[in-house]
Amino acid sequence: VLKPGAAMPYFTESWSRTGDGQILCVGLACLDSVYVLSNYPIEEDIKERAIDHRWQRGGNASNSSTVLSLLGAKCEYFGTISGKKSASFIAEDFIMHGISTKHCVLYEDCEPPAATVLVNNTNGLRTIVHNESNLPELSLDDFKKLDLLQYSWIHFEGRNVVAVSRMIEEVAKWNRMHSSESELGPIRISVELERPRCGSDILTIVPQADVVFVSKDYAMHKGWSNMISAMEAVAEYTKTSASIIVTWGEMGAAARSPDGSIYHSPGFPPHCVVETLGAGDTFLAAAVFSLSSGHSLRHAITFACRIAGAKVGMYGYSGIR
Ligand code: ADP
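Just add 683 to the spot in the sequence shown (first one is 1) and you have the working numbering.
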């Protein structure tokens, strides 16, 4: 294992932009093999021809770092990374997008997590088959080695729940002890409840967060049948100063501010929906970008719905720039 900060073969610092604080995205990066199909679902035991195929760097925090960087934010990705040849695509793609990976923890002999994604060309919906591989999750000790002074915002993907709860505790502790020394002020913390995780209650990552993102999939799994009931339910777990943002596919998104005010943004559907893969990650990145630039919650969700609406009208992310 290469220690954080040690030189890595192809993970170099590669800022392409400047700005005030850096935004750190903590989570998983994986290798996506994306097939676009005109005929879906496909039968078993046949040979089907895809109309398009591409390799793509995936993973929630990894995707959000891509969109943040395309929007012009100074952004770093932090997670564990495979040193295998198959993972070199992931490394090169981070560099190509100007996203720093300089603190990532490299495991030479572990495979990268991978996914096969089938995109239905008629409605843009995606079906994902994912394998987490033998790559270890980020540990609290890895996180403790970061110098938090350089960050203005840290986003945590909702996974690896026990360790991530402790990482968030570390940031909260740092805010209590050091934020007065930082020109950037306290680090803002966001988390995402995207889907339920086996064996652990993902809601345990919520209490110290400033902004909590909740996906429709997670809300439906919990039995919260609309955006308002999801926000009210999650508010039971947050600190009083937290904002809660819920996304609901083509219906757009809603937000609850700390004083209990509720805002709604409609969805902004493109002329033609071609790919919903990464819509939630795009929304999250655009909302974090807007909030970290000082905009209001109401402005942030509308901006994020516009960017995510544009994304579902394109393949990949490069058209966001
Ligand atoms: P996830 O990718 O986590 O399933 P959602 O489906 O809730 O996320 O979508 C996130 C955001 O993307 C929505 O709030 C909306 O702004 C936008 N979005 C998703 N699907 C569509 C669509 N069909 N038309 C317009 N906007 C969409």
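We put the CB at the ideal spot given by N, CA and C, even for glycine.
Quiz item: What's the gap between the Cα of THR799 and the Cα of MET860?
Solution: 44 Å
Quiz item: Mind checking SER973: buried by the 16 CB within 10 Å criterion, or exposed?
Solution: buried
Quiz item: Given a threshold of 16 other Cβ atoms within 10 Å of its Cβ, counted over all protein chains shown, does SER835 qualify as buried or as exposed?
Solution: buried
Exercise. Just mark LYS828 as buried or exposed, buried being the case when its beta carbon has 16 or more other beta carbons within 10 Å.
Key: exposed
Self-check item: Which residues DSSP lists as bridging GLN705, in chain order
Solution: TYR834
Practice problem: Assign GLU919 to one of three DSSP states: helix, strand, or coil. | Solution: coil
Exercise. Please classify TRP907: does DSSP put it in a helix, a strand, or coil?
Key: coil
Quiz item: Can you tell me where the alpha helix (DSSP H) with HIS861 in it begins and where it stops?
Solution: 844 to 861
Exercise. Determine the direct distance from the alpha carbon of ILE990 to that of THR965, and round the result to whole angstroms.
Key: 7 Å
Self-check item: ILE725 - containing beta strand (DSSP E), residue span
Solution: Note, ILE725: premise wrong, no beta strand (DSSP E); not H, not E.
Quiz prompt | Where the alpha helix (DSSP H) containing VAL956 begins and where it ends | solution = Run containing VAL956: none; DSSP gives neither H nor E here.
Quiz item: Whose C-beta lies closer than 7 Å to the C-beta of LEU899 among residues of the same chain, with five residues either side of it excluded?
Solution: Looking at the sequence provided, one finds Lys at residue 899 rather than Leu. So the qualifying residues of the chain are THR930, TRP931, GLY932.
Quiz item: If you count every other CB in all the chains shown that lies within 10 Å of the CB of CYS955, and 16 or more means buried, which is it?
Solution: exposed
Quiz item: So, are the CB atoms of TYR718 and HIS736 less than 8 Å apart?
Solution: yes
Quiz prompt | ASP824, buried or exposed, once every other Cβ within 10 Å from all chains shown has been counted against 16 | solution = exposed
Practice problem: Return the chain-ordered list of same chain residues with a C-beta closer than 6 Å to the C-beta of ASN746, the five sequence neighbours on each side being excluded. | Solution: GLY961, ASP964
Quiz item: Which two residues bound the contiguous alpha helix (DSSP H) that contains THR985?
Solution: 980 to 994
Exercise. Using a threshold of 8 Å, state whether the C-beta atoms of GLN891 and ILE928 are closer than that.
Key: no
Quiz prompt | Supposed close pair ILE773, ILE764 - CB separation, criterion 8 Å | solution = 7 Å
Self-check item: the ligand ADP heavy atom lying under 7 Å from the CB of PRO890
Solution: no
Exercise. Can you tell me which of the three DSSP states TYR901 falls into?
Key: helix
Quiz item: How would you write the range of the beta strand (DSSP E) that THR810 sits in, first residue to last?
Solution: 809 to 814
Quiz item: How would you label SER748, buried or exposed, when you count the other beta carbons within 10 angstroms and need 16 or more for buried?
Solution: buried
Quiz item: Which partner residues does HIS736 have in the DSSP bridge list?
Solution: TYR718
Practice problem: Could you tell me the boundaries of the alpha helix (DSSP H) in which VAL750 lies? | Solution: 743 to 754
Quiz item: According to the Cβ coordinates, are VAL750 and ALA969 closer than 8 Å?
Solution: yes
Quiz item: Quick one: does the C-beta of ALA968 sit closer than 7 Å to a heavy atom of the ligand ADP?
Solution: no
Exercise. Output the boundary residues of the beta strand (DSSP E) element that contains ILE945.
Key: 945 to 948
Quiz item: Which whole-angstrom value describes the C-beta separation of SER1015 and GLU794, a residue pair presumed to lie in contact below a C-beta threshold of 8 Å?
Solution: Residue 1015 lies beyond the stretch modelled for the chain, which goes from 684 to 1004, so this question has no answer here.
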